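Below: the structure, in structure tokens.
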Amino acid sequence: MRDRWQRAIPALGTGSCQVWWAHTSAAFPQLLDLLDEEERGRHARFLRGQDRALFLVSHALARIVAARHAATVPRAIRFSALPSGGGIAGSKPRLVGPASGLELSISHSGQRVVVALSRGVALGVDVERVSSASEESSLVQSVLPRSEQQELEILPAPMRPWAFCRYWTRKEAVLKATGDGLSVSPKRIAVSPPTGAPALLHWSGPGRPAQPVHLYDLESEPGYAAALAAIGSPLECSEHDGSEILCAWR
Ligand SMILES: CC(C)(COP(=O)(O)OP(=O)(O)OC[C@H]1O[C@@H](n2cnc3c(N)ncnc32)[C@H](O)[C@@H]1OP(=O)(O)O)[C@@H](O)C(=O)NCCC(=O)NCCS
Numbered sequence: 000m001r002d003r004w005q006r007a008i009p010a011l012g013t014g015s016c017q018v019w020w021a022h023t024s025a026a027f028p029q030l031l032d033l034l035d036e037e038e039r040g041r042h043a044r045f046l047r048g049q050d051r052a053l054f055l056v057s058h059a060l061a062r063i064v065a066a067r068h069a070a071t072v073p074r075a076i077r078f079s080a081l082p083s084g085g086g087i088a089g090s091k092p093r094l095v096g097p098a099s100g101l102e103l104s105i106s107h108s109g110q111r112v113v114v115a116l117s118r119g120v121a122l123g124v125d126v127e128r129v130s131s132a133s134e135e136s137s138l139v140q141s142v143l144p145r146s147e148q149q150e151l152e153i154l155p156a157p158m159r160p161w162a163f164c165r166y167w168t169r170k171e172a173v174l175k176a177t178g179d180g181l182s183v184s185p186k187r188i189a190v191s192p193p194t195g196a197p198a199l200l201h202w203s204g205p206g207r208p209a210q211p212v213h214l215y216d217l218e219s220e221p222g223y224a225a226a227l228a229a230i231g232s233p234l235e236c237s238e239h240d241g242s243e244i245l246c247a248w249r
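When we follow numbering that gives the first Met the number 0, the leftmost residue of the sequence shown carries the number 0, and every step to the right adds one.
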């Protein structure tokens, strides 16, 4: 019964944020029916099956959850701008039509997908798979200001890949909440040390949001780091299993 999905998604209150997790194993061809023509075109252009699965799961899940909160159906969800094809540069997904008023952010890495939604509070979410490549010195130097590099260096070596990803996800969550993405260097913003409570400490140069930025670390599965940023009001975040929701569409 496909209407199970509506009952399985709790209502989204003002001041709340829902974070929906899913795995690429939840991908199956019928989910393509939920996407629009542009999304299906982007899906078809990915060369690797893994990238197609990440895209399909994230966009189908975003549509399903947004549809529940906008009291409509997933195919009726419309975006004002979607990242252009090619998979690198992009723009913040903005909902228009029946779901306007909802704020949405999407991230994927490895085999994990995360979709976050709120009512009217700009947000950004980011997940990264922790790997030894996360600690390559060229990447560290391009992403972290000197003070953060020093914080990383004093940690025990086995902790550093995770710690780097915690820095990275906190920064990218902020830059996705503002809509800047990587058009602003992550080195320009400083966040709290990985073992400390998440916070935006400093933003050098122009572009700092006028309203306060609230940062949260998310409960991702082992081997991943994830964070969420909200601009303006703090959010009460709840985390949910999106793979189960997708199964209802089989
Ligand atoms: C947002 C951005 C930073 C992409 O980050 P990413 O880690 O590659 O990818 P994520 O999976 O976390 O996020 C991608 C999603 O963010 C959203 N997004 C894209 N640009 C965005 C922006 N400017 N603001 C907010 N959200 C954005 C999109 O929904 C996108 O998903 P989709 O393409 O499936 O629709 C992008 O703007 C960018 O600049 N990419 C450069 C890629 C890069 O160099 N990554 C380095 C990783 S070490």
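Even glycine gets a Cβ: it sits at the ideal position worked out from N, Cα and C.
Nothing here was measured: the structure is a model prediction, and the numbers come from that model.
8 Å contact criterion, which Glu147 and Val120 should meet: CB distance rounded
Not confirmed; about 27 Å, so no contact.
Use the C-beta contact count for Ser99: other C-beta atoms within 10 angstroms, 16 or more gives buried, fewer gives exposed.
exposed
Taking C-alpha atoms, which residue in Pro208, Tyr166, Tyr223 and Pro144 lies nearest to Arg187?
Pro144
Should Glu127 be counted as a contact of ligand 1 given a C-beta to heavy atom distance under 8 Å?
For ligand 1, at least one heavy atom lies less than 8 Å from the Cβ of Glu127.
Ligand 1 and Gly109: does the residue's C-beta get closer than 8 Å to at least one heavy atom of that ligand?
no
Local conformation of Trp20 per DSSP, three classes:
strand
Please find out if some non-hydrogen atom of ligand 1 comes closer than 8 Å to the beta-carbon of Gly204.
no
Please determine whether the Cβ atom of Leu181 lies at a distance below 8 Å from any heavy atom of ligand 1.
yes
What separation, rounded to the nearest whole angstrom, lies between the Cα atoms of Leu55 and Gln17?
20 Å
How long is the line joining the alpha carbons of Arg3 and His42, rounded to whole angstroms?
26 Å
Assign Asp125 to buried or exposed, taking buried as 16 or more other Cβ atoms, counted over all protein chains shown, within 10 Å of its Cβ.
buried
I'd like the span of the alpha helix (DSSP H) that includes Leu138, first residue to last.
Ser136 to Val142
Can you round the beta-carbon distance between Ala21 and Gly241 to whole angstroms, since I take them to be within the 8 Å contact cut?
4 Å
Paired residues, beta bridge with Ile253 - DSSP:
Past the boundaries of the shown model lies residue 253; the chain is included only from 0 to 249, so the question cannot be answered.
Specify the secondary structure class of Phe54 as computed by DSSP and reduced to three states.
helix
Going by beta carbon distance, what residues of the same chain come within less than 6 Å of Ala69, once the five residues before and after it are set aside?
Pro97 and Ala98
List the DSSP bridge partners of Cys164.
Answer is none; Cys164 lacks a bridge partner.
Give the single residue among Thr194, Trp161 and His107 whose Cα lies nearest to the Cα of His58.
His107
Which term fits Ala162, buried or exposed, when burial requires 16 or more other beta carbons within 10 angstroms of its beta carbon?
Label assigned to Ala162: buried.
Checking 9 Å against the spacing of the C-beta atoms, do Ile8 and Arg67 come in under that value?
yes
Might you give, ordered along the chain, the residues of its own chain that have their beta carbon closer than 7 Å to the beta carbon of Trp250, omitting 5 neighbours on each side?
No information on residue 250 is available, as it lies outside the stretch 0 to 249 that the chain covers here.
With which residues is Ala224 paired in a DSSP beta bridge?
Answer by DSSP bridge pairing, in chain order: Glu127.
Is it the case that the CB of Ser250 approaches a heavy atom of ligand 1 more closely than 8 Å?
In the structure as shown, the chain starts at 0 and stops at 249, and residue 250 therefore has no counterpart that could be examined.
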